[in-house]
Amino acid sequence: MSTKTAKIDRLAELTAQRESAGGASLWTEALRRLRSSKMAIIGAVVIGVFVLLAIVGPWIAPYNPLQQWRGEVFINQNIFVGSRSENWLGLDHLGRDQLSRMLVGARQTLLVGVVATLLGFTVGALIGGLSGAALAFGGKTGQRIDTAVMRFIDMVLALPSLLLAVSIAAIMGQSLTTVMIAVGVVQIPVFARLLRGSMLAQAGSDYVLAARSLGVRRRRIVTAHVLPNSLGPVIVQATLALATAIIEAAALSYLGLGNPDAAQPEWGVMLVQAQPYFDHAPMMALYPALGIIITALGFTLLGEAMREALDPKLRS
Amino acid sequence: MSSVKQERGVDLKVLRLIVRRLLQLIPTLAGLSVLLFLWLNRLPGGPTAALLGERATEADRRQIEAALGLDQPVWVQYGRFLRRLAELDLGTSVQTGRPVWEEFTTRFPATVELGLTALLIAVVIGIPLGYLAAARRGTWLDVGAVSGSLLGICIPVFFLAFLLKSVFAVNLGWLPSVGRQSNDINATEVTGFRVLDGILTGEFDASWDAIVHLVLPALALASIPLAIIVRMTRASVLEVLGEDYVRTAESKGLRRQVVRARHVLRNALLPVVTTIGLLTGQLLSGAVLTESVFAFNGIGNFLRTAIDGRDYPVLMGFIMFIALLYVVINLLVDLAYSLIDPRVRVH
Amino acid sequence: MSIARPKAVRTLAAIAAIGVIATGCSSDRDNGGDSGGSGSTGTFVFGAAGDPASLDPSLASDGETFRVTRQVFETLIDHKPGTSELEGGLAETWESNDTGTEWTFNLRDGVTFHDGSDLTGEVVCANFDRWYNWSGTYQNTTLSYYWQTIFGGFANNENDETPEANYVGCTAPDELTAVIEVAQPSANYPGGFSLAAFGIHSGPALEAYAEDDASGEGDAITFPGYSQEAGTVAGTGAFKVDGWNKGNGEVSLSRFDDYWGETAGVEKLVFQTIPEESARRQALQSGDIHGYDLVAPADVKTLSDAGFQVPTRDVFNIFYLGITQDSNPALENLDVRTAIAHALDRQNLVDTQLPEGGVVATQFMPDTVAGYSDNVTTYDYDPELAQQLLADAGEENLTLTFCYPTEVTRPYMPSPADLYEVMRADLEAVGITVQPKALKWNPDYTEVTRDGGCNLYLLGWTGDFNDGYNFLGTWFANYQKEWGFENEELFDLLERASTEPDVEARVALYEEANEFVMDFLPGVPISSSPPSIAFSADVNPPTVSPLTQEVFAEASFK
Amino acid sequence: MSPQPPLLSVEDLTVTFTGRGRTDVRAVSGVSFDVAQGQVTGLVGESGCGKSVTSLALMGLLPKKGVTVGGHAYFDGTDLLGLGREQLRDLRGSKLAMIFQDPLSSLNPVIPIGLQVTEILTRHRGLRGDAARKEAALLLERVGIPDPTRRLKEYPHQLSGGMRQRALIAMAVACAPRLLIADEPTTALDVTIQAQILELLKELVDQQGTALLMITHDMGVVAGLCDRVNVLYAGKVVEAAERKPLFAAPTHPYAHGLLGSIPRLDAPRGEPLNPIRGSIQDTIAWSEGCAFAPRCDFYSERCLSGTPELTEPHTAGHRVRCVHPVAPPSKEGADR
């Protein structure tokens, strides 16, 4: 008798395990997939280190990033100061401690990336979400609104983003805020289009049709069903956009529109300032360059891994 | 007889598509130009500031504003802009004092030549690479292609351009570092496209010289499109490889090359074509940077200074042009699509 | 220029070798001598920072235009090569009457224009009369800056604020004489006759110009058509204009064989526009060009070490910290201005950031200008004293806005943002809080500073010709918003100097003015530093000029 | 039973999916069955039971990575599973052909039907150009596509569902294969079309002497077409018999359930259907016992003592993998 109950228990156990594995939600599944992706892990580690530096960087920086070592760097003589015990990464062209500037710069760089992306995300998601909702559930008028909005968004999307950013910077003058806004605005159409597309795909899906046929209110369908399920690709895009924002900010610096405040050194500005001295002090440019590349790579890796994890088509 | 009729039918359809697209463009352009006009008028300084010398007086400014009609209300200015536009006159550049149209036509060939070369590099390398990466998923080739393309996206274009130039032009001296053509080449100008001109006139050395000048800037400019195309192709091929019809083709025992070329690649190219169409904006953005690094006298560089100098006419003209370009490129993508995908043809 | 590139195949290999980038860039190989065979075709390529605005120098006011037109057009009076000293140009000699109102020019014989016509007194007068009779858009300073600066207004001033004309008329008593009459004597004569803007055009060219007008219709001021393409303009210079390829950003000139002097050393001269500074350097390093101007201080040694020629110019500029007094009451206090002067370690700036050969400036003109005084008050670097002065003035918590331009290199001020940063550190060290204001050079910076929108700002000046008024008069002859002070004593002093026809007396007045200015301290002169110009090893460069007026006819290939 | 050796003899076929960071999934665990020459053999089971994987394994169409295939599949004496990639390629389409479930997705959307038919003729019969086109038209005509010359120029989306399946069949039979594997060929089609397609298949198989391996979940299809039936559950054959005995006396509780869940016209109205409880997810590994046990009405502790063997509890040739075989029904129900 006891063996029999034991066997039944075991049966229940075995079937229960199956059930939980089979009934896992899309998100749990995606997360699991993400954890097993090498790309995601590398990306997450890079981002982790970067964010940590951005948070503690200004506190652990050995010197004030503005402090100038006088009489050591002579740019007109090609005399530069490389790595040494008191300045691990050497001095920059004005005799400032490069390590301190890199550390403080991490925060600025992250700040630009995050704020810009948040701006693009929020405004873009608002426009795209409303437009998508209007089309899907707003009848004829909604359709017209959507067409108009999207035609405009498409056009903006066709504009070279950098030129758009440059014109925004031209209006606003040079400052950190300008860089954030210029880089963020450029992202708006991308997010708008993406959220709308993904909402439309959801709106056409079976469960929404089912909900509609059951007489669920439109607003509830949008907020409770369509929106949450449409956010996946948008979040992926946000991760990728962070990388783009950091690179775009560097490009703006190259065009002379970066944040000019030396107290807020941003890696892009540092790279641009160091480039003229590349022949004699290549490391001065390479530190910020590598900082930008590795960080952007981190976000891109994580974003790509998330995309793969969320995309049912790429699962195999 | 029937086939001829059908052909004409197709032509008509394409024509109608083009006309419809252009008509759709009008309200968009109108809206965009109003917005732009209002926006530009909010720019601090205004074009006169850029125009006037360092020591100009207030009177000079007023005189210029009166001469240019900038003292009139915005709607009057806008009306004038529209009237001129109707006569296909884009106005005169504030900065250079030359007609906008002329400024564009002298500079566009450079950018188009550069952009197309970059696109060509991106396509010629990107599609096969993306295909191979997908076909050999998980091998070193795949890993290399994917990480290479990720890196391509993450290197700031201006820095890559700078490095390319430092290595290949300055240190190795293999390639020229600036410009579109050597100064001692007396090329006859026909179309403004240097490579093409050389071929048309038989001045092949001029063509070659232009190509040599294109290599570095085009490589730098190609980095991002290349990365995008590689990844797009790879993802698309991976998707198609899982399609039923590929299995069908395999089940027919077709040779591998046939399966790949006829059944996989052709279908996989569809999304890639769309992507290439969308790359135009990206290319123009990149051109602003590469043209600057390589002193390539194209539209990207010009626009950047136009923005700095509040050169309204140039900017307005450019927006109009971009809108048109957008329509044309979308049309081309659609046409390319209908060439590859019969399903689109019927609609 | 012919740069052999038979290695085209290797080019493709290079693409494959792109991985080298990360490691290979610091390679020290230099190809300075790559353009070895340059002499063969005789094209001298010079990298310019911008396109010229016009081929007619009288419509322009920028250095890039003048660099080109100076090779094509010649002025009545010229400068001795390598100096700021005047010598005969198209006029072999010149003299003025005692009151300095009538200037007689004895023209050189046998000078022909590029179109074959001859230089006569009539032609010279036709040139000046054309400028004097300009109307409409031409009367805007945008097109006639130098005319208005030197000769005042026009025959019919169309605008109330255009100054009264100082030009009276021009007569040609004989073939080779031109007499120009002005209403008032001025320090601007005779130096003004050497300005590139007043290059002499041929008679037929002037007739052709008349049919082609500048206009201000549409959106902008359009340059007249003749000034935008080769063909019409004709001067007497050693080079004539062959073409202006705007698509390439290239102006090409060719040797004028009938030049009255020694013909040019190279057959063709090309000015190629390369806007970015480091791109110009790399173009020189890779052998694509033979020379360029405004070499960055950091590149001077790099280039000369690598075998390039980087001749040193005499200094003829001044870089200063501008102070707008009425923008902040504290700045109207002399002690505060003195404190600022003592706070700045100008020697450090000159030593580390400015081109070699630069010196700390003691007054608002370089020592090469007549009128430079050795007896001005000087202000040494003394932060303690500065702090003391501020404390005495009750300004321990002084906050000042400090404007600096971005995206610009001026001959007197390479990399303004860096210079600002060094000065900021100095000012903050004595307890002044600095609020930075970075502005694009054109149009924002020039406009904001001119309107007195900053407490402190960076600016400078390169002299047009050797006369003290060209420096001091530019700033301190009357109330200017950018300085924001009224000082009748100073204004009078400069007015007297300007109208003093006797040169020696004038120079004495300038010295007095300099001493006065440095006591009053309206701003802090920082430095005079030579803008560097570089050439490849295989050319004989032209004599470099303190006025940056190189004559490329002197250049040749080795 | 026919005296000839079977055309295809599958022995102990196992297919295991191995994924990174996942537990291995055994989709097919030890399947054995024969396909006789010229006969129609059915492979029946719910979706997910491994029948499609079996067919793909036989065709060599499973991905190479992440899949382990074991056992043997002798086709005309050669082991398909041991063949090289190129040898298999030569075989596929000529002697061994397959028809898939979804005719729309199984046809390349961007290539005209004509090319999709002629390419197989070119590959295996060396026909090119006009000859290939003529032959293709003949083939289309044979599978009942009207106006074949016009259809050759059309694209898959221009054809109806039935037409598409006919076109696929035309491709499959283009080289008169010895064995045709049909994987749920009618599932995606309308009922009326289903019958036509089945009729067509039967006809072609008869004409060409082709053996047909019919993979389906539809007992109706089996009843109408198959000579012999193999019932698959969770990757194992649980019952194998000639059609008649199987339908007369389904012995494995699963097969019994399958047949019991078909609505019957002759059943009294109001009598409830007898669906099988649960789904194929509710299963246990064969090594633990009978995979069907969790859903089985006849479940007892004996079911959990290892894999049950295939036995012939009632009739010779009617093999069942069950420790509680269902007793044959009374006479009345046998003649369905």
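Protein chains in written order, with my numbering: chain A, 2 to 317; chain B, 163 to 509; chain C, 278 to 835; chain D, -11 to 324.
Just so it is clear, CB atoms sit at the ideal spot from N, CA and C, and this is done for glycine as well.
Q) Thinking just about the alpha-carbon of each residue, which of C:Arg701, C:Arg557, C:Val636 is nearest to the one in Ala620 (chain C)? A) C:Arg701
**Item:** Where the stretch 684 to 704 of chain C meets chain A: residues whose CB sits under 7 Å from a CB there
**Value:** Glu684, Ala694, Asp695, Glu698, Val699, Ala702
| said: If you follow the beta strand (DSSP E) that Arg424 (chain B) is in, where does it begin and where does it stop? | reply: Counting along the chain, Arg424 (chain B) falls outside any beta strand (DSSP E), and DSSP gives it neither H nor E.
Where the alpha helix (DSSP H) containing Phe324 (chain B) begins and where it ends:
319 to 326
_Let me make sure I understand the geometry here. Which of C:Phe797, C:Tyr423, C:Glu435, C:Gln461 has the alpha-carbon closest to that of Phe475 (chain C)?_
C:Tyr423
Residues near Leu667 (chain C) in its chain [Cβ-Cβ closer than 8 Å; skip 5 each side]: Asp612, Val613, Ala616, Glu673, Leu675, Val707, Gly708, Ile709
(message) Using a Cβ-Cβ distance cut-off of 8 Å, determine whether Lys414 (chain B) contacts chain C.
(response) no
- So, is the C-beta of Ala389 (chain B) closer than 8 Å to a C-beta in chain C? no
(message) Looking at chain C, is there any beta carbon in it that lies within less than 8 Å of the beta carbon of Ile76 (chain A)?
(response) yes
Query raised in the report: With 8 Å set as the bound, which would you pick, yes or no: does the beta-carbon of Pro433 (chain B) sit closer than that to a beta-carbon of chain A?
Result: no
Q: Look up Leu798 (chain C) in the DSSP assignment and say whether it is helix, strand or coil.
A: coil
query: Can you tell me the Cα-Cα spacing of Ile595 (chain C) and Ala638 (chain C), whole angstroms?
result: 7 Å
Exercise for review: Taking only beta carbons into account, state which residues of the stretch 244 to 265 of chain A come closer than 7 Å to chain B, listed in chain order.
Suggested key: Ala244, Ile248, Ala251, Ala252, Tyr255, Leu256
Which of the three DSSP states is assigned to Ser833 (chain C) in this structure? strand
Output needed for Gly480 (chain C): all residues of its chain with C-beta closer than 7 Å, excluding positions within five of it in sequence on either side, in chain order. Ser394, Val400, Ala403
Check your understanding: Counting only beta-carbon atoms, is Tyr407 (chain B) nearer than 8 Å to chain D?
Key -> yes
Notebook entry, point to check: Closer than 8 Å, CB to CB, is Asp311 (chain C) near chain B or not?
Noted result: Its pLDDT being 38, under 50, Asp311 (chain C) is placed unreliably in this model, and the value from its coordinates should be taken loosely. Taking Cβ atoms only, chain B reaches closer than 8 Å to Asp311 (chain C), which makes this a yes.
- [ ] Note down, in chain order, every chain A residue with its Cβ under 9 Å from the Cβ of Val329 (chain B).
- [x] Those within 9 Å of Val329 (chain B) in chain A number zero; the least Cβ separation is about 11 Å.
Leaving out the 5 sequence neighbours to the left and right, which residues in its chain are closer than 6 Å to Asp648 (chain C) when beta-carbon positions are compared? Going by the sequence as given, residue 648 (chain C) is Gly instead of Asp. The residues are Gly745, Val784, Tyr787, Glu788.
Margin query: Once DSSP output is grouped into helix, strand and coil, what is the label at Pro574 (chain C)?
Written below: helix
- Message: I'd like the span of the alpha helix (DSSP H) that includes Cys316 (chain B), first residue to last.
- Response: 302 to 316
ask   = Are Ala411 (chain B) and Asn96 (chain D) touching if we call contact CB-CB under 8 Å?
value = yes
How about Arg80 (chain D) and Ser398 (chain B): do their beta carbons lie closer than 8 Å? no
Cut-off 6 Å between Cβ atoms - residues of its own chain near Pro691 (chain C), not counting five sequence neighbours on either side
Ala573, Pro574
Q) What does Phe279 (chain A) touch in chain B if you count any residue whose Cβ is under 9 Å from its own? A) Phe324, Leu325, Ser328
Tell me the start and end of each unbroken alpha helix (DSSP H) in the stretch 172 to 225 of chain A that is at least 4 residues and wholly inside, in chain order. 177 to 204, 207 to 214
Please report the distance separating the alpha-carbon of Arg307 (chain D) from that of Arg231 (chain D). 12 Å
Inset, instruction - Answer yes or no: do Ser463 (chain C) and Val627 (chain C) have a C-beta to C-beta separation smaller than 8 Å? - result: no
Do Gly387 (chain C) and Tyr597 (chain C) have their C-beta atoms within less than 8 Å of each other?
no
Item checked: Backbone CA spacing between Trp371 (chain C) and Val456 (chain C) [nearest angstrom] -> 9 Å
Residues in its own chain within less than 7 Å of Ala349 (chain B) by CB, not counting five upstream and five downstream?
Gln343, Arg356, Asp359, Gly360, Glu365, Ala368
Practice prompt. Measure the Cβ-Cβ separation of Ala485 (chain B) and Leu194 (chain B) and say whether it is below 8 Å.
Written response: yes
Note to self: On the DSSP letters alone, give me the boundaries of the beta strand (DSSP E) that Val543 (chain C) sits inside.
What the structure shows: Here Val543 (chain C) belongs to no beta strand (DSSP E), and DSSP marks it neither H nor E.
TODO: Under 8 Å by Cβ, that's how I've got Arg111 (chain D) and Arg417 (chain B) pegged, so tell me the actual separation to the nearest angstrom.
DONE: 7 Å
For Glu453 (chain B), does the count of other Cβ atoms within 10 angstroms reach 16, so buried, or fall short, so exposed?
buried
Look at Leu453 (chain C) and Asn383 (chain C) and say whether their C-beta atoms are less than 8 Å apart. yes
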